[in-house]
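Residue numbers (my numbering): 9 to 347. Heads up: the structure comes next, in structure tokens.
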Ligand SMILES: [Zn+2]
């Protein structure tokens, strides 16, 4: 089975430096991607929004959509309104949505040094602005449950936490996993006019029942699949498949690669070696979604979990919604991406 030649996909969750846009074009061509959504990269890299977007568009045209992210280093009184104004300006420059990193709730603090809760009312102008502008908000909240548990070799995500000890939140200074999701849910509930995409299967792929409840309760809630096939594919296959069928209109395809900082820097020849790694990764996602194979390696194996998953063999109709249809419906500027 050719796992790159099936339905064209929109990867709704990637992060890349504008200077690697030509390489991204190659990744897209090789992996049958008709669109990518670049989340919060420009602010993270300190690149002016209009300039960064221009560079990306020069290589990728309308195949790229960029989500802006707020500046949480400016937390003097009135920050929510300033974030809203900034979002307004960037959407005027071509931003297609708002990205909220997991640091909201875990690390961003206010001028008094207190953690800013996700549902802090000072952020209300920002959510309201997203609603007025009609753009989606892709929000990453908390992290895998294991990241909030004791950091010992029997932690099931030990391999990854060993590489990234700063991703461990199992200490008293951090809110718990579930309380972070509660904060997020209160925002989703309070702003029904805003479409929220919960990154990483709504950040609770370990508990499909919970995500199912959230999707049932909040019609303005969507989820992406990025970086969590390991958790998703671990449930009994009938249960996972039923979840995907029930919520086939609410799930977006995404993978969460980072290119241009971190592992791959612009101009680094190592990237050329990276192209096969992209093929392997996309093939692993497609294999999970499209085949009925049992006990296969998930895309993050083994660093993101030393267990195997069962593929869920979705139909072409459902695959087309998850790969592209749902993203096109939800992200207005994607409407004319691709061919
Ligand atoms: Zn991400």
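Glycine included, every Cβ here is placed at the ideal spot set by N, Cα and C. Keep in mind the model is a prediction, meaning the values are calculated, not measured.
Item	Value
I'd like to know whether the C-beta atoms of residue 142 and residue 159 end up nearer to each other than 8 Å.	no
DSSP state of residue 80, grouped into three classes?	coil
To the nearest angstrom, report how far apart residue 266 and residue 28 are at their CA atoms.	11 Å
Is residue 207 near ligand 2 - that is, is its Cβ less than 7 Å away from at least one heavy atom of it?	Judged by which ligands are present, ligand 2 is missing from the structure shown, whose ligands are ligand 1.
Restricting to Cα atoms, I'd like to know which of 139, 163 and 107 is closest to residue 232.	107
By Cβ distance, which residues of its chain are closer than 7 Å to residue 328, with the 5 residues on each side in sequence left out?	15
Could you give the DSSP three-state label for residue 334: helix, strand or coil?	helix
CA-CA distance, residue 184 and residue 156?	7 Å
Rounded to whole angstroms, how far is the Cβ of residue 205 from the Cβ of residue 260, which I believe are closer than 8 Å?	6 Å
Residue 110: which of 98, 124 and 316 sits nearest, CA to CA?	124
Going by the beta-carbon positions, is the gap between residue 84 and residue 133 smaller than 8 Å?	no
Starting from the Cα of residue 191, find the closest Cα among 174, 222 and 99 and give me that residue.	222
State yes or no: is the beta carbon of residue 215 nearer than 8 Å to at least one beta carbon in chain C?	Given the protein chain composition of this structure (a single chain), no chain C is represented.
Quick one: what's got a C-beta closer than 6 Å to residue 78's C-beta in the same chain, skipping five residues either side?	91
CB of residue 27 to nearest heavy atom of ligand 1: below 7 Å?	no
If we ignore side chains and look at the alpha-carbon of each, how far apart do residue 331 and residue 63 end up?	26 Å
Once you ignore the five residues that flank residue 341 on each side, which residues in its own chain have a CB closer than 7 Å to its CB?	73 and 104
If we ignore side chains and look at the alpha-carbon of each, how far apart do residue 304 and residue 337 end up?	32 Å
Cutting at 6 Å between CB atoms, please list the residues of its own chain near residue 347, excluding the five before and the five after it.	With a pLDDT of only 39 at residue 347, under 50, the local geometry of the prediction cannot be trusted, and the value read off the model is given with reservation. There are no such residues.
Residue 21 and residue 257 - do their beta-carbons sit closer together than 8 Å?	no
Let me know the beta strand (DSSP E) ranges lying completely inside the segment 120-166, each 3 residues or longer, listed in chain order.	145-147
Kindly list the residues whose CB is nearer than 6 Å to the CB of residue 161, restricted to its own chain and excluding five residues on each side of it in sequence; keep chain order.	none
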